[in-house]
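What follows is a short report on a single structure.
Number of protein chains: 2
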Amino acid sequence: MTGPYRKIVEVLNGKTVAPPPIWLMRQAGRYLPEYRETRVKAGSFLDLCYTPDLAVEVTLQPIRRYGFDAAILFSDILVIPDALKRNVRFVQGEGPQMDPIDVSGIGNLEGESVLGHLAPVIETVGRLRQELPEETALLGFCGAPWTVATYMIAGHGTPDQAPARLFAYRHPEAFEKLLSFLAEISAEYLIAQIDAGADAVQIFDSWAGVLGEREFENFAVKPVARMIEIVRSRRPQAKIIAFAKGAGLNLLHYRQKTKADAIGLDWSVPLFFAAELQKDGPVQGNLDPMRVVAGGRSLEEGIDAILDKLGNGPLIFNLGHGITPEADPENVTALVRRVREAGV
Amino acid sequence: MTGPYRKIVEVLNGKTVAPPPIWLMRQAGRYLPEYRETRVKAGSFLDLCYTPDLAVEVTLQPIRRYGFDAAILFSDILVIPDALKRNVRFVQGEGPQMDPIDVSGIGNLEGESVLGHLAPVIETVGRLRQELPEETALLGFCGAPWTVATYMIAGHGTPDQAPARLFAYRHPEAFEKLLSFLAEISAEYLIAQIDAGADAVQIFDSWAGVLGEREFENFAVKPVARMIEIVRSRRPQAKIIAFAKGAGLNLLHYRQKTKADAIGLDWSVPLFFAAELQKDGPVQGNLDPMRVVAGGRSLEEGIDAILDKLGNGPLIFNLGHGITPEADPENVTALVRRVREAGV
Chain A
1 MTGPYRKIVE
11 VLNGKTVAPP
21 PIWLMRQAGR
31 YLPEYRETRV
41 KAGSFLDLCY
51 TPDLAVEVTL
61 QPIRRYGFDA
71 AILFSDILVI
81 PDALKRNVRF
91 VQGEGPQMDP
101 IDVSGIGNLE
111 GESVLGHLAP
121 VIETVGRLRQ
131 ELPEETALLG
141 FCGAPWTVAT
151 YMIAGHGTPD
161 QAPARLFAYR
171 HPEAFEKLLS
181 FLAEISAEYL
191 IAQIDAGADA
201 VQIFDSWAGV
211 LGEREFENFA
221 VKPVARMIEI
231 VRSRRPQAKI
241 IAFAKGAGLN
251 LLHYRQKTKA
261 DAIGLDWSVP
271 LFFAAELQKD
281 GPVQGNLDPM
291 RVVAGGRSLE
301 EGIDAILDKL
311 GNGPLIFNLG
321 HGITPEADPE
331 NVTALVRRVR
341 EAGV
Chain B
345 MTGPYRKIVE
355 VLNGKTVAPP
365 PIWLMRQAGR
375 YLPEYRETRV
385 KAGSFLDLCY
395 TPDLAVEVTL
405 QPIRRYGFDA
415 AILFSDILVI
425 PDALKRNVRF
435 VQGEGPQMDP
445 IDVSGIGNLE
455 GESVLGHLAP
465 VIETVGRLRQ
475 ELPEETALLG
485 FCGAPWTVAT
495 YMIAGHGTPD
505 QAPARLFAYR
515 HPEAFEKLLS
525 FLAEISAEYL
535 IAQIDAGADA
545 VQIFDSWAGV
555 LGEREFENFA
565 VKPVARMIEI
575 VRSRRPQAKI
585 IAFAKGAGLN
595 LLHYRQKTKA
605 DAIGLDWSVP
615 LFFAAELQKD
625 GPVQGNLDPM
635 RVVAGGRSLE
645 EGIDAILDKL
655 GNGPLIFNLG
665 HGITPEADPE
675 NVTALVRRVR
685 EAGV
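Residue numbers (the numbering used here), protein chains in the order written: chain A, 1 to 344; chain B, 345 to 688.
Below, the structure is given as structure tokens:
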């Protein structure tokens with residue numbers, strides 16, 4: 001079965017596409033005036049995620065403006081704890097908060113109602129696939145178990161996820177149970193997104209960088225490998241990108257061990273190392289988002305360095321982290337143009 | 345000239361000492377009841393740093409309690425911007441704050457009065473050397489230019505130093521000037537500490553981990569190499585530890601390029617990579633501070649893994665970051681005992 005030609009899917013199949021396809025993490029976001037306009041129509045941030053009309057609209061906005069090669073479902077990694085009734089709320093200026101979970105709370109978790117709770121998100125995926133241009137890939141996503149667990153345990157964001165690290169040392173069995181549980185329900189959630197029309201899914205392990213060697217293996221590699229195993233056992237053609245932010249040298253065997261099709265690279269990954277990793281398989285990244293804010297020469301230099309080192313292999317051009325609200329939309333225009341004109 | 349036998353100095357000379365010497369970053373700190381008792385006698389945190397009677401007392405407290413192989417001067421990396429009249433203040437529960445600097449502010453920086461302002465800190469170093477046991481090494485320290493600059497530009501701590509990264513992209517010349525300026529005065533400050541009796545000094549680049557490949561070279565490697573060059577040109581015997589936290593694979597040639605005697609390793613550095621780095625020279629680290637909070641088996645496992653992988657080469661046992669206020673002082677006793685009994 002051959003689907004329509006979508007550059008990002010080609011790259012995920014190991015092909016080199018020149019110029020490389022491009023999308024940006026958090027491309028539907030506050031740097032866009034049209035996003036801010038839609039945002040005020042939703043009550044809370046979660047309302048925006050759970051209202052298909054609005055979520056479809058903000059997902060499509062950057063596609064209309066820039067013609068990115070992929071749209072990424074507008075949602076948040078914390079819809080999973082929200083579906084688990086952890087009382088998730090996004091407080092303006094304070095970041096996400098939820099009721100912290102303890103050992104007995106982990107024992108009482110049950111995932112039966114999760115997919116029902118997330119039905120509006122799945123509906124959004126289906127409607128997006130219908131509305132997107134034929135050539136635009138649609139990406140679904142979820143958080144990796146470790147990263148989602150860090151928020152569930154602390155009840156909020158922290159600089160280095162010390163509460164989750166400590167909990168894992170103190171309660172290794174309960175913590176492993178939490179990670180396994182999250183891996184299972186997250187895999188189900190990804191399968192639902194794929195069935196609704198996602199061409200590929202990305203697993204965000206945004207806090208992989210605070211883990212030591214053994215913990216990276218146990219908390220970052222194993223649960224993500226398990227998720228991918230579940231998804232592939234049921235949807236053998238599924239395309240999966242795994243993004244372990246800040247993982248540094250731990251990325252060395254990450255793709256092989258997790259069996260992801262491609263790995264995401266944050267902006268701190270040295271390009272010589274990125275080129276090594278690319279010999280093993282497709283990579284995605286890794287422009288410093290601050291270069292998009294700065295614009296001009298520093299933006300051009302950053303783009304050119306990536307294209308120079310990674311452009312001759314399977315590459316999905318992206319930022320090394322989400323685009324920030326201060327980015328000038330004109331700089332994104334310049335970014336897309338420069339990537340698309342590369343090597344032409 | 346042969347000084348008294350101090351294990352840490354031996355390791356900094358490239359020797360393997362078994363069991364390895366041990367000290368802990370932030371060992372004089374809030375986890376100790378005697379520290380908290382002394383702390384209330386000082387008005388502000390900076391008063392504590394600038395009052396030799398009190399700074400000497402808190403520096404000695406962990407030596408009395410645990411007999412660490414090194415005492416580290418009680419001070420803060422932000423005494424440099426304080427000496428530069430940036431109005432530094434430590435606000436309880438909010439972290440450090442100062443007046444953010446801009447391009448014209450960088451043009452107006454002048455370092456003449458810095459060493460005068462820091463005279464009480466230098467006095468503390470001298471008094472410490474007199475009061476410490478003969479076998480205990482005394483460590484001085486300062487922040488690396490990049491890390492100090494991140495605070496000076498943002499005016500406060502941030503999760504990923506986006507303001508400084510952006511400033512560096514937008515104003516490369518002014519930023520380079522700031523780093524050069526900080527390298528020069530910090531080198532002078534280290535020389536004064538060495539002259540007052542410090543056996544070795546540590547340069548803390550706590551925010552090296554947020555830099556891309558080229559920026560790591562320009563903002564982390566070059567200024568630290570310059571500092572070390574200045575110090576060595578005037579004090580050829582100076583012993584220097586460079587700690588680039590979160591630097592990951594960028595640590596590969598960091599010691600060679602900076603000419604540090606030893607490099608510090610944070611807890612996220614995989615031990616197989618640490619062992620590679622140790623082939624080139626002494627390493628320091630890298631237990632996860634949360635293991636000290638957790639205690640018990642997870643503390644023992646963390647210690648044993650480090651001793652197993654790094655104990656047969658030049659190693660200074662330490663944490664991978666500062667000890668935290670929640671750590672039980674009894675767990676530190678257990679930590680020191682286990683390291684000292686290793687291989688016995």
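Glycine is no exception: its CB is placed at the ideal position from the N, C-alpha and C atoms.
Per-residue contacts from residue i into chain B (C-beta, under 7 Å)
i: A:W267; result: G556
i: A:V293; result: L510
i: A:M290; result: A506, R509, L510 and Y513
i: A:L315; result: Simply none; closest approach about 16 Å.
i: A:P270; result: E557, L593 and N594
Selection from the options that minimises the alpha carbon distance to residue i
i: A:V221; options: A:D304, A:K239, A:D280 and A:P145; result: A:P145
i: A:E330; options: A:P62, A:I8 and A:N13; result: A:P62
i: B:I535; options: B:I466, B:K603 and B:S524; result: B:I466
i: A:K257; options: A:Q130, A:M227 and A:E131; result: A:M227
i: B:L390; options: B:R433, B:P364, B:V613 and B:V355; result: B:R433
i: A:A71; options: A:V17, A:E34, A:L128 and A:P120; result: A:L128
i: B:P365; options: B:P669, B:G664, B:G655 and B:D672; result: B:G655
i: B:N594; options: B:A618, B:K583 and B:Q581; result: B:A618
i: A:A187; options: A:I194, A:H171, A:V231 and A:A174; result: A:V231
i: B:G553; options: B:L523, B:A527 and B:W611; result: B:W611
i: A:R64; options: A:G93, A:A28 and A:R36; result: A:A28
i: A:T147; options: A:L78, A:I194 and A:D280; result: A:L78
i: B:S524; options: B:E454, B:G556, B:K653 and B:L482; result: B:E454
For residue j and residue i, the rounded distance between their alpha carbons
i: B:I497; j: B:A588; result: 19 Å
i: A:P314; j: A:R340; result: 15 Å
i: A:M25; j: A:T59; result: 12 Å
i: B:D543; j: B:M442; result: 31 Å
i: B:E478; j: B:G347; result: 10 Å
i: A:R338; j: A:I303; result: 8 Å
i: B:K603; j: B:F485; result: 16 Å
i: A:S104; j: B:Y349; result: 53 Å
i: B:F661; j: B:G629; result: 5 Å
i: A:V413; j: A:Y66; result: Here chain A comprises residues numbered 1 to 344, so residue 413 of chain A is not present and cannot be evaluated.
i: B:D672; j: A:A168; result: 18 Å
i: B:P425; j: B:E354; result: 33 Å
i: B:E475; j: B:G460; result: 24 Å
i: A:R235; j: B:H597; result: 44 Å
i: B:R514; j: A:A294; result: 6 Å
i: B:G437; j: B:P503; result: 15 Å
i: A:M290; j: B:L510; result: 5 Å
Bridge-paired residues (DSSP) for residue i
i: A:D205; result: A:A244
i: B:I607; result: B:A586 and B:V627
i: B:L659; result: B:V627
i: B:H500; result: B:Q441
i: B:F389; result: Answer is none; B:F389 lacks a bridge partner.
i: B:A399; result: DSSP output for B:A399 lists no bridge partner at all.
i: A:A334; result: DSSP output for A:A334 lists no bridge partner at all.
i: B:L483; result: B:I416 and B:A544
Contacts of residue i in chain A (Cβ-Cβ under 7 Å)
i: B:S642; result: Y169
Chain-order list of residues whose beta-carbon lies under 6 Å from that of residue i (same chain, five-residue window excluded)
i: A:G157; result: G95
i: A:T150; result: Q161, A164 and W207
i: B:G666; result: M369 and R370
i: B:L651; result: A686
i: A:A242; result: I203, V224, T258, A260 and I263
i: A:A196; result: I122, V125 and G126
i: A:F74; result: A28, A55, V58 and T59
i: B:V613; result: N630
Contacts of residue i in chain E (Cβ-Cβ under 8 Å)
i: B:T668; result: Protein chains A and B are contained in the structure displayed, whereas chain E is not.
Chain A contact residues for residue i, given Cβ-Cβ distances below 8 Å
i: B:F617; result: L249
9 Å Cβ cut-off: residues of chain B touching residue i
i: A:P159; result: G501 and P503
Partner residues on chain B for residue i, Cβ-Cβ distance less than 8 Å
i: A:G29; result: Within chain B, no residue comes near A:G29; the closest Cβ sits about 15 Å away, beyond 8 Å.
Cutoff 8 Å; reference residue i; Cβ partners in own chain excluding five residues on either side
i: B:T360; result: N656, G657, P658 and L659
i: A:Y31; result: I323, T324, P325, E326, A327, D328, P329 and V332
Chain A residues whose Cβ lies nearer than 9 Å to that of residue i
i: B:G553; result: G209, G246, G248 and S268
Own chain residues within Cβ distance below 7 Å of residue i, not counting five before or after
i: B:L631; result: W611, G646, I647, I650, L663 and G664
i: B:L398; result: T382, K385, A386 and L392
i: A:E300; result: R338
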